[in-house]
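A.B. asks: Numbered according to this note's numbering, the sequence shown spans residues 215 to 386. There's a structure below that I have some questions on.
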Amino acid sequence: MIEKDRRTRLWETVAAATRFCIAVENAREMEKNAFVAEMTGSLPRLYVSFCETEAEETDDVFFPASYVDEDYYESVRRNMEALIGADDTYLETFEDDMKYSSEPIAASVAEGLADIFQDLYNFATAVKESEGEALERAYAECRENFNSYWSRTLCNVMRPLNQMRLNPSDEE
Numbered sequence: 215m216i217e218k219d220r221r222t223r224l225w226e227t228v229a230a231a232t233r234f235c236i237a238v239e240n241a242r243e244m245e246k247n248a249f250v251a252e253m254t255g256s257l258p259r260l261y262v263s264f265c266e267t268e269a270e271e272t273d274d275v276f277f278p279a280s281y282v283d284e285d286y287y288e289s290v291r292r293n294m295e296a297l298i299g300a301d302d303t304y305l306e307t308f309e310d311d312m313k314y315s316s317e318p319i320a321a322s323v324a325e326g327l328a329d330i331f332q333d334l335y336n337f338a339t340a341v342k343e344s345e346g347e348a349l350e351r352a353y354a355e356c357r358e359n360f361n362s363y364w365s366r367t368l369c370n371v372m373r374p375l376n377q378m379r380l381n382p383s384d385e386e
């Protein structure tokens, strides 16, 4: 029963990653408030999914293909940046360089979301193309990346997204 629950949680994580990726890919066709609502709903789900489910120990080395090239990354980033507009830039307080700087460090919501998108897209696509055979290995790789860097990015972009959701601007 435990193994089945684990597999179910992994497949739910794939579904959450896929939903996030579809929203990012379709940002250009969305209204800003709808996009922000989708992000503020998807990101916490992803955070919990990757925190609650441990990766299985394996000796397999898995380097999933990168399905997001630089042009595709830039395309989704630019589309989100255009949609978010002036609210895209926020002050980053947890940047390591902040302790050495007297100037505030600006960050981009679109760039943070594109960074998360890149890893989740690779994860979901590796699982899809392997017809589920790479689920455990792809999850382990994505979870390692989550722990190493994009969990922090996720938390950081939630703050400006939350601000946009609770206090929508009149630019639409």
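Even glycine gets a Cβ: it sits at the ideal position worked out from N, Cα and C.
#1: So what does T303 bridge to, in DSSP terms?
#2: Which residue's Cα is closest to the Cα of E372: P258, E226, R242?
#3: Please say whether K246 and E327 have beta carbons closer to each other than 8 Å?
#4: For the alpha helix (DSSP H) that contains S280, what are its first and last residues?
#5: What is the rounded straight-line gap between the Cα of Q332 and the Cα of A279?
#6: Can you tell me which of the three DSSP states L344 falls into?
#7: Excluding the 5 residues flanking R379 on each side, which residues of the same chain have their C-beta closer than 7 Å to its C-beta?
#8: What is the C-beta distance between I330 and L368, in whole angstroms, given that I count them as a contact (C-beta under 8 Å)?
#9: For a cutoff of 8 Å on Cβ pairs, would you count Y363 as touching chain D?
#10: Using only the alpha-carbon positions, how far apart do E355 and M244 sit?
C.D. replies: The answer reads as follows:
#1: The partner list for T303 (beta bridge, DSSP) reads S322.
#2: Looking at the sequence shown, residue 372 is not Glu but Met. Residue P258 is the option with its Cα nearest to M372.
#3: It should be noted that the sequence gives Leu, not Glu, for residue 327. In this structure, L327 keeps its C-beta atom at 8 Å or more from the C-beta atom of K246.
#4: Per DSSP, S280 belongs to no alpha helix (DSSP H) and is neither H nor E.
#5: Distance between the alpha carbons of Q332 and A279 is about 11 Å.
#6: This sequence places Ser at residue 344; Leu is not what is there. DSSP places S344 outside both helix and strand once states are collapsed to three, so it counts as coil.
#7: Short of 7 Å from the beta carbon of R379, and not among the five residues preceding or following it, lie these beta carbons of its own chain, in chain order: V250, A251, T254.
#8: About 6 Å; that satisfies the 8 Å criterion.
#9: The structure shown has no chain D; it contains just one protein chain.
#10: Distance from the CA atom of E355 to the CA atom of M244, rounded to whole angstroms, is 31 Å.
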